[in-house]
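**Q** Handing you a structure now.
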Amino acid sequence: MAHSGPMTDWRKAKLPVIAFLAPATIIYTLFMIYPLLDSIRLSFYATPSGGEAAFVGLDNYRTILADPDWSATFWNSFWNNMKFFAVHMLIQNPIGIALAGILSLPQLRFRNTYRTMMIMPTMLSVVIVGFIWQLILSPVWGVGADLLDIVGLKSLFGPWLGKEGSALITLSFISVWQWVGIPLMLIYAALLAIPDDLVDAAIVDGATHFEVFIHIKLPLVLPTVAMVSILTFVGNFNAFDLIYAVKGALAGPNFSTDIMGTLFYRTFFGYQLQLGDPHLGATVASLMFLIILAGVLFYLFAIQRRLARYQL
């Protein structure tokens, strides 16, 4: 007679868990892991004119990173991506933290209305957002000059989307306007989870709401702030749609708004007079993955551990 021991009970308990996770695991593997691995595999091959794909090792990476015809474009897109990310980190996330702190004030009226208004831009299509801001900032028929004139700053208005020095920063601000609701809601949810006893005790001791936020609330939501930061990093290095919607695949003027997403699109699919090369495109995609992976690992080992020790 079979004996039902602890090992048998453990297997019976694990079976429903595996069955529950199997559909999601299969779908994720099919649509995420397999394309990623196949893109990395594709980056190690090249197809000569009229020939079959041949293994070339790291030659494609040397071409992208060192060849004069490619390296300048790649590093330009990389540093533009870093600027794009820096604007979001230094402007979007602090604004999201500040707005979340204001919305968490118990005496604030119409809180739900403000929260809805701030989250609404995130629900708009990027194409619509790009088109609307092109109309607003147009030097010919846009209302941007009139809005600045109301506050006496009309002299500052210019064709910001048409200048090499300001186009990328302008697009970064447009992206901040659209997506600031995401860090706002994540941090706002973390603030609501803080026990009221801590806040009430500080207020009874004479602390202002600003002091409570700086010395009590903000340190307690630092893990959420760190998570928002890494999500911002990953999202910005996967960015493509806003630049493409406003400036097209050439990311003008003169590639001043070119980021790694638009570089990948032109390299893989081709654009206008540039022929597409799936192998070099896969190489750009693999480099994007390595950059994102390095950022995530830095967060896990350099930041997350410190936050965990701080919580203890």
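Numbering (the numbering used here), first residue to last: 1 to 312.
Where is the CB? At the ideal position from N, CA and C, for every residue including glycine.
Computed from a predicted structure; not experimentally measured.
#1: In chain order, what residues of the same chain lie with their CB nearer than 8 Å to the CB of V284, ignoring the 5 residues before and after it?
#2: Output the boundary residues of the alpha helix (DSSP H) element that contains I136.
#3: Terminal residues of the continuous alpha helix (DSSP H) containing V234?
#4: Hey, out of V246, I303, N236 and D241, whose CA is closest to N80's CA?
#5: Hey, would you say E164 sits closer than 8 Å to N254, going by beta carbons?
#6: With a CB to CB cut of under 7 Å and the five nearest residues on each side skipped, what residues in its chain are close to M1?
#7: What is the C-beta distance between L243 and M185, in whole angstroms, given that I count them as a contact (C-beta under 8 Å)?
#8: Give the single residue among F289, V296, T208 and P183 whose Cα lies nearest to the Cα of I95.
#9: Could you say if the segment 120-130 and the segment 204-214 meet the contact criterion of at least three C-beta pairs nearer than 8 Å?
#10: Identify, in the order they occur along the chain, each residue of the same chain with its Cβ nearer than 6 Å to the Cβ of S104, setting aside the five sequence neighbours on each side.
#11: Under 8 Å: do the segment 36-45 and the segment 269-280 share three or more Cβ pairs, one atom per stretch?
#12: With DSSP as the reference, label A54 as helix, strand or coil.
#13: L135 to A145, Cα distance in whole Å?
#14: With distances taken Cα to Cα, identify the nearest neighbour of K154 among L168, A207, P139 and D205.
#15: Three-state secondary structure (DSSP) at Q274?
#16: Starting from the N-terminal side, write out each stretch of the alpha helix (DSSP H) that is 4 residues or longer and does not extend beyond the segment 164-210.
#17: Using only CA atoms, which one of R306, L300 and L290 lies nearest to Y61?
#18: Ends of the alpha helix (DSSP H) at M260?
#19: Cα-Cα, which of Q274, F173 and V296 is closest to D69?
#20: Could you say which of Y299, I26 and P106 lies nearest to V225 if we only look at CA atoms?
#21: Label L30 either buried or exposed according to how many other C-beta atoms from any shown protein chain fall within 10 Å of its C-beta, with 16 as the threshold for buried.
#22: Using the DSSP secondary-structure output, state which residues sit across from A302 in a beta bridge.
#23: Could you give the uninterrupted runs of the alpha helix (DSSP H) lying entirely in the segment 70-132, keeping only those of 4 residues or more?
#24: Count the other CB atoms within 10 Å of the CB of T232; is the residue buried (16 or more) or exposed (fewer)?
#25: Kindly indicate which residue of L124, F173, A294 and M227 has the alpha-carbon position closest to the one of A86.
**A** Looking at the coordinates:
#1: I64, F74, M260, L263, F264, T267 and F268
#2: V126 to L137
#3: L222 to F237
#4: Nearest option by C-alpha distance: N236.
#5: yes
#6: Low confidence applies to M1: its pLDDT is 47, below 50, so where it sits in the model is not reliable, and the reading given next is rough at best. Taken in chain order, the list of residues that qualify is empty.
#7: What sits at residue 243 in the sequence shown is Ile, not Leu. Contact doesn't hold; Cβ gap of about 25 Å is too wide.
#8: Looking at the Cα atoms, P183 is the closest of the given residues.
#9: no
#10: L191
#11: yes
#12: Strand.
#13: 11 Å
#14: It is P139 whose Cα lies nearest to the Cα of K154.
#15: strand
#16: 167-179, 181-192 and 196-204
#17: L290
#18: M260 to F269
#19: Q274
#20: Ranking the options by Cα distance to V225, first place goes to Y299.
#21: It is exposed - the Cβ of L30 has fewer than 16 other Cβ atoms within 10 Å.
#22: Per DSSP, none; premise fails for A302.
#23: 93-103 and 111-119
#24: T232 is buried by the Cβ-count criterion.
#25: Nearest neighbour of A86 by Cα position, chosen from L124, F173, A294 and M227, turns out to be F173.
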